[in-house]
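Protein chains: 2
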Amino acid sequence: MTKTSPKSDATSQKKMPKTERSKTRVRKDQILEAALRCFIDHGIAATTIDMIRLESGASVGSLYHHFGSKEAIASALYIQGMEDHFHLLRESLEECRSAEQGVKTIVRTYCEWISDHPDWARFIFGSRGEALSEEQEQKLREDNKAHMNFLQEWFRPYLEAGELQDYPFSVYHSLLVGPAQDYAKHWLSGRLKKPLQDYTELFCNAAWETVSP
Amino acid sequence: MTKTSPKSDATSQKKMPKTERSKTRVRKDQILEAALRCFIDHGIAATTIDMIRLESGASVGSLYHHFGSKEAIASALYIQGMEDHFHLLRESLEECRSAEQGVKTIVRTYCEWISDHPDWARFIFGSRGEALSEEQEQKLREDNKAHMNFLQEWFRPYLEAGELQDYPFSVYHSLLVGPAQDYAKHWLSGRLKKPLQDYTELFCNAAWETVSP
DNA sequence: GTCATTTTGGAATAATATTCTAGAATTTAA
DNA sequence: TTAAATTCTAGAATATTATTCCAAAATGAC
Numbered sequence: 002m003t004k005t006s007p008k009s010d011a012t013s014q015k016k017m018p019k020t021e022r023s024k025t026r027v028r029k030d031q032i033l034e035a036a037l038r039c040f041i042d043h044g045i046a047a048t049t050i051d052m053i054r055l056e057s058g059a060s061v062g063s064l065y066h067h068f069g070s071k072e073a074i075a076s077a078l079y080i081q082g083m084e085d086h087f088h089l090l091r092e093s094l095e096e097c098r099s100a101e102q103g104v105k106t107i108v109r110t111y112c113e114w115i116s117d118h119p120d121w122a123r124f125i126f127g128s129r130g131e132a133l134s135e136e137q138e139q140k141l142r143e144d145n146k147a148h149m150n151f152l153q154e155w156f157r158p159y160l161e162a163g164e165l166q167d168y169p170f171s172v173y174h175s176l177l178v179g180p181a182q183d184y185a186k187h188w189l190s191g192r193l194k195k196p197l198q199d200y201t202e203l204f205c206n207a208a209w210e211t212v213s214p
Numbered sequence: 002m003t004k005t006s007p008k009s010d011a012t013s014q015k016k017m018p019k020t021e022r023s024k025t026r027v028r029k030d031q032i033l034e035a036a037l038r039c040f041i042d043h044g045i046a047a048t049t050i051d052m053i054r055l056e057s058g059a060s061v062g063s064l065y066h067h068f069g070s071k072e073a074i075a076s077a078l079y080i081q082g083m084e085d086h087f088h089l090l091r092e093s094l095e096e097c098r099s100a101e102q103g104v105k106t107i108v109r110t111y112c113e114w115i116s117d118h119p120d121w122a123r124f125i126f127g128s129r130g131e132a133l134s135e136e137q138e139q140k141l142r143e144d145n146k147a148h149m150n151f152l153q154e155w156f157r158p159y160l161e162a163g164e165l166q167d168y169p170f171s172v173y174h175s176l177l178v179g180p181a182q183d184y185a186k187h188w189l190s191g192r193l194k195k196p197l198q199d200y201t202e203l204f205c206n207a208a209w210e211t212v213s214p
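Top line first, the protein sequences correspond to chains A and B. Counting from 2, one number per residue, gives the positions in the first sequence under this note's numbering. Counting from 2, one number per residue, gives the positions in the second sequence under this note's numbering.
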């Protein structure tokens with residue numbers, strides 16, 4: 002019995018403006034971009050609202066009107082990054098016509114996204130979930146589930162045709178992107194010199210060997 | 002020419018007590034344990050110095066005397082966790098007598114450590130480097146390098162004997178623990194139901210297949 | 001144009017991290 | 001054993017930073 006007003010959607014706890022004004026998207030993006038720069042330069046914990054205010058040109062009131070807290074800004078960036086990558090991957094997968102192509106595309110797209118957006122990736126690896134708001138947590142969870150479902154559907158025919166080893170599905174994602182992800186993490190933090198790009202094909206091939214029958 | 006006084010060690014920028022008193026270790030550990038509990042329950046950003054003070058029984062002064070900042074406490078925990086795991090892995094590896102044993106031991110030890118210390122692991126995955134002090138950053142870097150060297154030495158004979166595929170060494174670590182690490186991250190955050198333990202052997206076998214010739 | 005709603009600015013407030021100092025406890029040196 | 005030196009503790013005082021608040025401006029609907 003925790004339902005609220007019967008009139009509203011499931012996600013309308015907070016005041017969601019009926020109409021978003023034209024300049025609003027722009028301002029929000031200014032804030033997000035400024036925040037990303039700050040987070041990358043100083044880390045989330047060390048960047049202050051005031052830095053974001055200065056960097057974005059928005060006022061404190063505006064900042065809080067649009068996002069509600071510093072953490073929420075970080076979370077929004079996190080989610081935005083994930084969505085961007087998911088979207089890209091889906092597009093790439095649409096064109097694949099074999100299990101091998103698909104597997105390698107997943108790994109390659111992952112590596113390329115990181116190589117193309119190293120700052121963004123550094124932020125995402127660095128922030129890892131911490132303190133998502135209820136609403137955002139939910140959104141991320143749904144995005145994730147939808148993404149997994151998409152992958153599962155994509156793979157199903159090949160699995161049934163015996164073109165892939167029959168691992169539990171939840172393990173597939175880890176087997177495919179785990180190695181590249183770990184390498185990327187160390188590379189992004191400066192502990193490894195050789196850029197991820199140099200090993201993209203290596204990780205693609207290794208992944209395919211792992212799951213090919 | 003950034004050297005300091007010629008008398009002191011390389012790492013003596015800050016006041017390192019000549020002698021650590023007997024009860025000091027105890028108090029420090031009380032603080033660390035209390036902080037870990039707080040961090041796990043509320044996340045790093047949301048735990049306050051006051052919570053740690055209450056939970057540990059130490060005074061604010063004591064907290065700052067021993068650690069200097071909240072972030073430094075988190076960093077100390079991070080480093081301590083890594084050291085614990087490194088130590089365990091080294092012990093396990095000492096007893097291995099073949100490439101296959103070694104590879105699987107690395108993966109299995111990794112999985113078991115996470116399964117045995119899920120809270121600790123959750124904290125480590127969740128905190129990811131952010132804001133280490135200069136001194137701590139350095140220590141972590143050295144620990145890491147030493148660990149990598151140890152692994153490289155351990156593997157060398159088997160590599161030379163052709164019992165392992167000739168990948169660049171920096172890639173080995175990622176190929177071996179990457180998948181388990183990714184799975185663990187999702188499991189620890191509650192997105193996956195099946196415990197890591199259920200797939201430990203799967204990850205061990207997959208890792209061995211990846212690097213065996 | 002008027003009205004309702006959204007957005008902005010920035011001062012006021014609240015929450016929290018950090019510094020500081022006096023003194024207690026412990027070790028060292030004699 | 002004692003005095004001096006050092007390390008540790010306590011908690012009030014201070015500084016920093018996040019968040020709230022509300023009056024005014026901008027915008028879009030009618």
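Think of the CB as a built atom: it goes at the ideal place given N, C-alpha and C, for glycine as much as any other residue. These figures come from a predicted structure and were not determined experimentally.
Among the residues of its own chain, which have a CB less than 8 Å from the CB of residue i, if the five just before and after it don't count?
i        : result
B/LYS105 : CYS205, ASN206, ALA208 and TRP209
B/LEU89  : THR110 and TRP114
A/TYR168 : LEU176 and VAL212
Exposed or buried, which one is residue i when buried takes at least 16 other CB atoms within 10 Å?
i        : result
B/HIS174 : buried
A/ALA147 : exposed
A/PHE170 : exposed
B/GLY103 : buried
B/GLN182 : buried
B/HIS66  : exposed
B/VAL61  : exposed
A/PRO214 : exposed
B/HIS43  : exposed
A/ALA11  : Because A/ALA11 carries a pLDDT of 37, less than 50, the predicted location of this residue cannot be relied on, and the following value inherits that uncertainty. With fewer than 16 other Cβ atoms within 10 Å, it is exposed.
A/LYS15  : Confidence is the limiting factor: at A/LYS15 the pLDDT is only 48, short of 50, which leaves the residue's position unreliable and the question unanswerable from this model.
A/PRO158 : exposed
For residue i, which residues from the same chain have a beta carbon less than 6 Å from its beta carbon, with the 5 sequence-adjacent residues on both sides left out?
i        : result
B/GLU21  : none
A/SER93  : THR106 and THR110
A/PHE68  : ILE74
B/PHE87  : HIS148
A/THR48  : CYS39 and PHE40
B/GLU101 : TRP209
B/GLU164 : ALA100
A/GLN31  : SER57
Do the CB positions of residue i and residue j come within less than 8 Å of each other?
i        : j        : result
B/ALA73  : B/ARG28  : no
B/LEU176 : B/PHE126 : no
A/TYR111 : A/VAL172 : no
A/GLN198 : A/SER99  : no
B/GLU95  : B/ASP144 : no
A/VAL212 : A/GLN166 : yes
B/LEU33  : B/GLN81  : yes
A/PRO119 : B/PRO180 : no
Enumerate in chain order the residues of its own chain whose CB-to-CB distance from residue i is below 7 Å, with the five nearest sequence positions on each side excluded.
i        : result
B/LYS1   : Absent from the model: residue 1 of chain B. The displayed extent of chain B is 2 to 214, so no value can be given.
A/ALA185 : ILE115, ALA122 and LEU197
B/GLU56  : ALA35, ARG38 and CYS39
B/GLN153 : PHE170
B/SER23  : none
B/SER63  : ARG28
A/TYR200 : TYR184
With a cut-off of 8 Å on the beta carbons, I'd call residue i and residue j a contact; round off their distance for me.
i        : j        : result
A/ILE45  : A/ALA77  : At roughly 12 Å, the Cβ-Cβ gap does not stay under 8 Å, so A/ILE45 and A/ALA77 are not in contact.
A/SER128 : A/TYR79  : 6 Å
B/PHE124 : B/ILE53  : The Cβ separation is near 14 Å, so there is no contact.
A/ARG91  : A/PHE151 : 6 Å
* **Contiguous alpha helix (DSSP H) assignments of at least 4 residues, all confined to the segment 119-174 of chain B** => Runs of the alpha helix (DSSP H) lying entirely within the segment 119-174 of chain B and spanning at least 4 residues, in chain order: 119-128 and 135-161.
* To do: Just list the alpha helix (DSSP H) runs in the segment 24-108 of chain A, keeping only unbroken ones of 4 residues or longer that don't cross its boundaries, in chain order.
  => Here the runs fully enclosed are 50-57, 61-67 and 71-95.
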